[in-house]
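In the UniProt record's numbering, the protein residues as written are 1 to 294.
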DNA sequence: TACTCGTGGAT
DNA sequence: TATCCAAGAGT
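The following block contains the structure:
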């Protein structure tokens, strides 16, 4: 006997869970404008919430509009970025702010395609700004969402690499109601961040634990190809970090030999300094010393 | 597509 | 102590 398929209400269960369990993060509070949301999203790219919070507050107090940030020097922006990591994000955010100030009347665009055209704003961040900053119904897919969908929908233990169909997967689960659909986008991320985590998921507290394809399949272990672990010790990233650390702390241009002390391998050291110069994270004075770009 | 790009807390 | 991994983007 066939029956009319009941619409999938897992989206509503996740939104209800979010309403009672979500963290009180400053960029989610009422009255936070799209610029503040944009800054938070760029800072949160690959960087944990706990480290972003204090820096985000400082940035918004210091540069409350795109034009304000665009007027700052790269050196000030790099220093204010502190130790969030991946400092190229700070330069791109400043560049994006300059485009917004010059071409969009200092108002953060609300169109996903326009947002995606800005430096440092990709598929995820563009939709996050449109959804969280402007209240649009938009599918928003980050690593948390891919993991939740992999388990809840596809019955797999781990997230697959990002693909275009991710947006369709998650859009299909969103509640019909507009306001709830908007909240759903952040709610799935929160579920992945708090319960459906990469390590040991807390399925006992999950609002869809009885409707999760992965659990229903017996929580099978990951059986895909071995994922390559990201090394850090000894990499160019570590060397670049050390070089930049010296320049962030310096109050005046530093000599070459001061940079030479941070790493023994001269070939690698030179390569990294060159790459920092190419990235415009470091500048050289006419007399051959090194500084953050002024 | 696969790789690169920081940092530091959690496990 | 070593490994994992965190609201991605650019090339």
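No residue lacks a Cβ here, since even glycine has one placed at the ideal position from N, Cα and C.
* To do: Starting from the N-terminal side, write out each stretch of the alpha helix (DSSP H) that is 4 residues or longer and does not extend beyond the stretch 126-157.
  => If we require 4 residues or more, the alpha helix (DSSP H) runs fully inside the stretch 126-157 come out as 143-152.
* Asked: DSSP three-state call for residue 254: helix, strand or coil?
  -> Residue 254: strand per DSSP, three-state reduction.
* residue 147 and residue 196 closer than 8 angstroms at C-beta -> Cβ distance < 8 angstroms, so residue 147 and residue 196 count as in contact.
* **DSSP-derived helix/strand/coil call for residue 284** => strand
* Asked: Are there three or more Cβ pairs, one per stretch, closer than 8 angstroms when the stretch 78-89 is compared with the stretch 55-66?
  -> yes
* Assign residue 229 to buried or exposed, taking buried as 16 or more other Cβ atoms, counted over all protein chains shown, within 10 Å of its Cβ. => exposed
* To do: Rank 74, 226, 198, 194 by C-alpha distance to the C-alpha of residue 18 and give the top, closest one.
  => 194
* Asked: What are the boundary residues of the alpha helix (DSSP H) that includes residue 208?
  -> Premise fails: residue 208 is in no alpha helix (DSSP H) and is neither H nor E.
* Kindly give me the distance between the Cβ atoms of residue 192 and residue 145, rounded to whole angstroms, as I take these residues to be in contact under 8 angstroms. => That belief holds up - the Cβ atoms of residue 192 and residue 145 are roughly 6 angstroms apart, short of 8 angstroms.
* For residue 26, count neighbouring Cβ atoms within 10 angstroms of its own Cβ and tell me buried if that reaches 16, exposed if not. => exposed
* To do: Please work out which residues of its chain come closer than 7 angstroms, Cβ to Cβ, to residue 96, disregarding the five sequence neighbours upstream and downstream, and give them in chain order.
  => Once the five neighbours on either side are set aside, the close Cβ partners of residue 96 are 118, 119, 120, 121.
* Asked: Is it right to say residue 1 is buried, meaning 16 or more other beta carbons lie within 10 angstroms of its own, or is it exposed?
  -> Bear in mind that a pLDDT of 45 at residue 1, under 50, signals an unreliable position, so the model cannot answer this.
* Should residue 46 go down as buried or exposed, given a rule of 16 or more other Cβ atoms within 10 Å for buried? -> exposed
* To do: Let me know the secondary structure DSSP gives residue 232 once reduced to three states.
  => coil
* The alpha helix (DSSP H) spanning residue 52 covers which residue range? -> 49-62
* Asked: If you draw a straight line from the alpha carbon of residue 162 to that of residue 128, how long is it in whole angstroms?
  -> 16 angstroms
* Asked: Cβ atoms of residue 142 and residue 124: under 8 angstroms apart, would you say?
  -> yes
* Please name the residue in 294, 239, 187, 72 whose C-alpha comes closest to that of residue 15. => 187
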